[in-house]
Structures are given as C-alpha cells and as structure tokens.
Amino acid sequence: LTERLQNAIGKLRRKGKISESDVKEVMREIRLALLEADVNFGVVKDFVKTVRTRAVGSEVLESLTPAQQIVKIVNEELVKVMGQESVPLNKSPKIPTVIMMVGLQGAGKTTTASKLALKLKNEKHARPLMIAADVYRPAAIDQLKTLGQENDLPVFDMGTDVSPVKIVEEGLKVAQENKNDYVFIDTAGRLQIDEKLMQELTDIQKLATPDEVLLTVDSMTGQNATEVAEGFNEQLNITGVILTKLDGDTRGGAALSIRAVTGKPIKFIGQGEKMDDLDVFYPDRMASRILGMGDMMTLIEKAQKDYDEKKAQDLQDKMKASSFDFNDFLEQIDQVQNMGSMEDIMKMIPGMANNPALKNAEINPKDMDHTKAIVYSMTPQEREDPDILKPSRRRRIAAGSGRSVQEVNRLIKQFKQMRDMMAKVSNGNFSGMENLFGN
Ligand code: GDP
Ligand code: MG
Numbered sequence: 006l007t008e009r010l011q012n013a014i015g016k017l018r019r020k021g022k023i024s025e026s027d028v029k030e031v032m033r034e035i036r037l038a039l040l041e042a043d044v045n046f047g048v049v050k051d052f053v054k055t056v057r058t059r060a061v062g063s064e065v066l067e068s069l070t071p072a073q074q075i076v077k078i079v080n081e082e083l084v085k086v087m088g089q090e091s092v093p094l095n096k097s098p099k100i101p102t103v104i105m106m107v108g109l110q111g112a113g114k115t116t117t118a119s120k121l122a123l124k125l126k127n128e129k130h131a132r133p134l135m136i137a138a139d140v141y142r143p144a145a146i147d148q149l150k151t152l153g154q155e156n157d158l159p160v161f162d163m164g165t166d167v168s169p170v171k172i173v174e175e176g177l178k179v180a181q182e183n184k185n186d187y188v189f190i191d192t193a194g195r196l197q198i199d200e201k202l203m204q205e206l207t208d209i210q211k212l213a214t215p216d217e218v219l220l221t222v223d224s225m226t227g228q229n230a231t232e233v234a235e236g237f238n239e240q241l242n243i244t245g246v247i248l249t250k251l252d253g254d255t256r257g258g259a260a261l262s263i264r265a266v267t268g269k270p271i272k273f274i275g276q277g278e279k280m281d282d283l284d285v286f287y288p289d290r291m292a293s294r295i296l297g298m299g300d301m302m303t304l305i306e307k308a309q310k311d312y313d314e315k316k317a318q319d320l321q322d323k324m325k326a327s328s329f330d331f332n333d334f335l336e337q338i339d340q341v342q343n344m345g346s347m348e349d350i351m352k353m354i355p356g357m358a359n360n361p362a363l364k365n366a367e368i369n370p371k372d373m374d375h376t377k378a379i380v381y382s383m384t385p386q387e388r389e390d391p392d393i394l395k396p397s398r399r400r401r402i403a404a405g406s407g408r409s410v411q412e413v414n415r416l417i418k419q420f421k422q423m424r425d426m427m428a429k430v431s432n433g434n435f436s437g438m439e440n441l442f443g444n
C-alpha cells in the first residue's frame, strides 16, 4: 500500500490544492490497496464510502495539508472499524472462567489454547486446565498433552472413545475439584463448516456455558476467513476472535473484514509457532499494518513539510531582497482567493504561523477584485518595478481599471508598506504588522 499511496500523494503534492476528484483518486488507490490486502469486497466498499464522505467534507478540502489529512482519516477509520481499543478476555465472577476454542482444522486452536493458558499462568498466576475434546484424531490429543507437558499445564483427556460433550462434562468437574480458575476446551475442527461440527459445538456450548467462545482464524486464508468467521458467528454467537499466523501474512486484511462482518472483537493475534508468539490485538497497530505504512505518517508529514518549506523559502528569498513585486502580489491574491484566508498564506511564511497580528488580518473579497483590476491595468514593466509609477501612469491605470486615482494611490502605498513589512518580517521583525491589512 505504501507505494500506491505515495503515488497518490505525490499527485496531490504537485497540485498543491486538492479537488473532489483528487479525493476520488486517492480513494480509488486505497480501495485497490485494501483489496490487495485481501480485505473483503463488501467491507472495502463500505469503508471507502465512509472515508470519502468524511474526506470530501470540510476537513480535507479546506485544509492546507490535504494528503496528510486523507491518510489520517483512512487511519482513523481503520482503527474505528477494528474496534478502537484492545478488548480483554471475559472473566467469570466465579471460577472457573470457561474458554471454548472453535475454528476450522489447522486454524491454530490447540496451539493458541496452550499459548493463552501459558500467558495467563505467567502473567496472572492463573491455574488453567485444558480439556482435550477433539476426539477425531488421536494425534490431536497427543499434541495438546505434549504442549501441556512442555509448559507445565495440566490437560484432561478421556481418549478418543468418549463423546466430546461427555469429556467436557467430566473435565469441568475435575476443574471444580482442583479449583482451576481457567478452563480451555480444545474442540475439533473440520476443513469446512458443516452441520455435524456445528451441532457438536453447540452441544458443548450448551453444557459448558462458556464465558468466551473464541474463534481461531488463520489469517492466511484471506477472503475465506471472512466467510468462516461469519458462519461460526451465526451458529455460535462467538465472543471474540483470535487471528493466527499473522507472521505469514503481512497484510492483515482479515482483521478488518472479520471485525466488520461479525462485529466481534479480535482479542489476540498469533505471530509464530512458539508459545510466546501471542499478542494482544491493538486496532491502531493493525491499522498501520494494513496501510503498510510502518512510519508512513512520518513520511507524509515530511513530504508535506518539504513542500511548504520550499514554497515559503521562495517567497522569503524574494521578500528579503525586497524584490517582491506586483506579479507576486497578484499571485498572492489569487492564492488567497483560491485557498482560503490570508492567514493561511501568511502561515506558510516561516516564523509567521503563531504571530498574533494575523488574528486581525482579513481581506474583503470585493476589495480584492478591485485590487486585481488595478494590477491588471499595469504594464508588465510597472508590475515588476512599482517605483516607476509616477502620477501620469497612475491616472492611466485608474482610467483603465475603472477605479479612482485615490484608490490606485492607496493600493500602491499599501503595496509598498507590505513590501517593506515583508522584508522586515523575513528578517525577524514583526512590529507594525497589525496595520498592514487594516486600511
Ligand atoms: P488446530 O487444528 O486449530 O488445533 O490448529 P493447531 O493448533 O494444531 O495449529 C496448526 C498449525 O499451525 C500448527 O503447526 C501450529 O504450530 C501452527 N500455528 C498456529 N498458530 C500459529 C501462528 O500464529 N503462527 C505460525 N507460524 N504458525 C501457527
Ligand atoms: Mg487442534
């Protein structure tokens, strides 16, 4: 995404000012980038619409740093869609807190249950019990038992000849007796969602009334992850999601889709096979990841800054040399009229942004049109060298522009004041600024 966005921003920068179609263009890029990151199509559509509505409003078009603001909006909306804050595990008021792991085969249920149990043990001095309820493959029970042994976590199992519901029932009794504060139910998965699996999971859920039904989803399955999450959520009304194998998927698009489609919080992310490769899910970090930006904000801020600085530097050089002429003046007026307030223009001048004199700086748009008419009636030579504007020339300009000679005189006087003032300002002296635009 970084490259795409950089291109889009590059276009904005060259124009200096953005239009509605610019916003459209950026949003087109963002849309493609999200699709590339495997975000679900419908989710992308809604997302782009939201961002566009916000961006085309005042926030972007009236801003001096539009590109920056578009990306900020995109980022903010990503964070919002993904839930804003991290969401902790549910906890039962009385022990044990029961956590049921569900998901397709190979999604990472068994591994993640162990990771999470170990995390609770290490961080909260919890005493978890894991229940081996995947009876379809002997290897599944062995896998959980091995992980239990390696990490000193107790595992309850009854082999493969007992029904999963029965195993859970017995396991919960054992947990009561041993006063385990957390119970993890490691259930079976299938390659696809099917009725038999769902029935079994529903039965377990009825019996165990878990505090958490955590759906484990393999983030590398991309678009499919969204459908899987939707399916499990419809059947089991899950309480949260754990997104695994994010170490193999740098794009993280599944996080956005799953959250948007299920409305359920992503609570943890798996980022490797090792036991400590489990992290709390933070929406803002995932937003950065989806945008592929790492430090994209910095990049954009810098690009914007370079641009403003260069423009301001050109102007400052002219002001210092007192070579600011009526052509520059005209350009400034055009900019004021096109871009917003005089304050905005003045803020582009180094050292001016916080000058209190700017608070009173206002220009009447009608006056500006008159001013322009006067300047247009000058010859190129007069514009470049205002000092040659003797009375005869001023009379000619007045006649040509349809303004009075007094008005022409006043403008030339103001212009010269402004030029002097600018030379002063650019040398660090701000006194007298407040009169510059007043009369
Ligand atoms: P289950 O069938 O849902 O119980 O899935 P498993 O827990 O058996 O995991 C399937 C495979 O995925 C195992 O080889 C795990 O080591 C691996 N795995 C699980 N989570 C992650 C993860 O976050 N990153 C990586 N790289 N591998 C993972
Ligand atoms: Mg398993």
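Take 6 as the starting number for the sequence shown in UniProt numbering and just add one per residue.
Note that the Cβ used here is the ideal one computed from N, Cα and C, for glycine as well.
Subject >> Buried/exposed call for Gln154, threshold 16 Cβ in 10 Å >> reply: Exposed: under 16 other Cβ atoms inside 10 Å.
**OP:** Report the residue from Ala131, Asp374, Asn332 whose alpha carbon sits nearest the alpha carbon of Asp157.
**Re:** Measuring from the Cα of Asp157, the nearest candidate turns out to be Ala131.
Original post:
The alpha helix (DSSP H) with Pro101 in it runs from where to where?
Top reply: Careful: Pro101 lies outside any alpha helix (DSSP H) and carries neither H nor E.
Original post:
Would a C-beta distance cut-off of 7 Å place Asp208 and Asp139 closer than the cut-off?
Top reply: No, Cβ-Cβ distance for Asp208 and Asp139 is not below 7 Å.
**OP:** Assign Glu34 to one of two classes, buried (16 or more other C-beta atoms within 10 Å of its C-beta) or exposed (fewer than that).
**Re:** Buried: at least 16 other Cβ atoms inside 10 Å.
Original post:
Less than 7 Å separating the beta-carbons of Val285 and Thr231?
Top reply: no
Original post:
Could you name the residues, in chain order, whose CB is less than 5 Å away from a heavy atom belonging to ligand 2?
Top reply: Lys114, Thr115, Ala145
**OP:** Examine ligand 1 and report whether any of its heavy atoms sits within less than 6 Å of the Cβ of Thr249.
**Re:** At least one heavy atom of ligand 1 is nearer than 6 Å to the Cβ of Thr249, so yes.
**OP:** Look at the alpha carbon of Lys352 and the alpha carbon of Val380, and state the distance between them as a whole number of angstroms.
**Re:** Legend: pLDDT at Lys352 = 48, less than 50; position of this residue unreliable, value from coordinates given subsequently. Each residue's alpha carbon lies about 24 Å from the other.
Original post:
Quick one: what does DSSP say Lys269 is sitting in, helix, strand or coil?
Top reply: coil
**OP:** Using three-state DSSP, classify Thr221 as helix, strand or coil.
**Re:** strand
**OP:** Could you please give the first and the last residue of the uninterrupted alpha helix (DSSP H) stretch that includes Leu212?
**Re:** 200 to 213
Original post:
Is Ala259 near ligand 1, with its Cβ less than 6 Å from a heavy atom?
Top reply: no
**OP:** Kindly confirm or deny that the region 219 to 227 and the region 46 to 54 touch, where touching means at least three C-beta pairs closer than 8 Å.
**Re:** no
Subject >> Local conformation of Ile243 per DSSP, three classes >> reply: coil
Original post:
What does Ala137 pair with, by DSSP beta-bridge criteria?
Top reply: In the DSSP assignment, Ala137 forms a beta bridge with Asp191.
**OP:** Within 10 angstroms of the Cβ of Gly437, are there 16 or more other Cβ atoms? Answer buried if so, exposed if not.
**Re:** With a pLDDT of 42 at Gly437, under the threshold of 50, the modelled position of that residue is not reliable, and no figure is offered here.
**OP:** Would you kindly check if the distance between the Cβ of Ile247 and the Cβ of Val117 is under 7 Å?
**Re:** In the sequence as displayed, the identity of residue 117 is Thr instead of Val. Yes, the Cβ-Cβ distance between Thr117 and Ile247 is below 7 Å.
Original post:
Since Val188 and Pro143 are thought to touch, with beta carbons under 8 Å apart, how far apart are those beta carbons, to the nearest angstrom?
Top reply: Val188 to Pro143, Cβ: 22 Å. No contact.
**OP:** Kindly examine ligand 1 and report whether one of its heavy atoms sits closer than 6 Å to the Cβ of Asp284.
**Re:** no
**OP:** Keeping to the same chain, check which residues put their C-beta closer than 8 Å to that of Gln181; ignore five residues upstream and five downstream.
**Re:** Pro101
Original post:
Looking at Val44 and Ser262, is the spacing between their C-beta atoms short of 7 Å?
Top reply: yes
**OP:** Would you give the residue range spanned by the alpha helix (DSSP H) that Asp51 belongs to?
**Re:** Asp51 -> alpha helix (DSSP H) spans 46 to 61.
**OP:** Examine ligand 1 and report whether any of its heavy atoms sits within less than 6 Å of the Cβ of Gly194.
**Re:** At least one heavy atom of ligand 1 lies closer than 6 Å to the C-beta of Gly194.
**OP:** Could you please give the first and the last residue of the uninterrupted beta strand (DSSP E) stretch that includes Val285?
**Re:** 283 to 285
Subject >> Backbone secondary structure at Asn253 - three-state DSSP >> reply: According to the sequence shown, residue 253 is Gly rather than Asn. It is coil, neither helix nor strand.
Subject >> Check: residue 4 C-beta below 6 Å from any heavy atom of ligand 1 >> reply: Given that the chain is displayed from residue 6 to residue 444, the structure contains no residue 4 and the question cannot be resolved.
Subject >> Buried/exposed call for Glu217, threshold 16 Cβ in 10 Å >> reply: Glu217 sits buried, since 16 or more C-beta atoms from the chains shown fall within 10 Å of its C-beta.
Original post:
Taking the alpha helix (DSSP H) that Ala404 falls in, what are its first and last residues?
Top reply: 396 to 406
**OP:** Determine the burial state of Glu336: buried for a count of at least 16 other Cβ atoms within 10 Å of its Cβ, exposed for fewer.
**Re:** exposed
Subject >> Distance between Tyr141 and Gln89 (C-alpha atoms, nearest Å) >> reply: 39 Å
Original post:
Is it the case that the CB of Glu278 approaches a heavy atom of ligand 1 more closely than 6 Å?
Top reply: yes
**OP:** Would you mind stating whether Thr244 and Gly113 have Cβ atoms separated by less than 7 Å?
**Re:** no
Subject >> Glu128 - containing alpha helix (DSSP H), residue span >> reply: 114 to 129
**OP:** Could you check if Glu41 is buried or exposed, using at least 16 other CB atoms within 10 Å of its CB as the buried criterion?
**Re:** exposed
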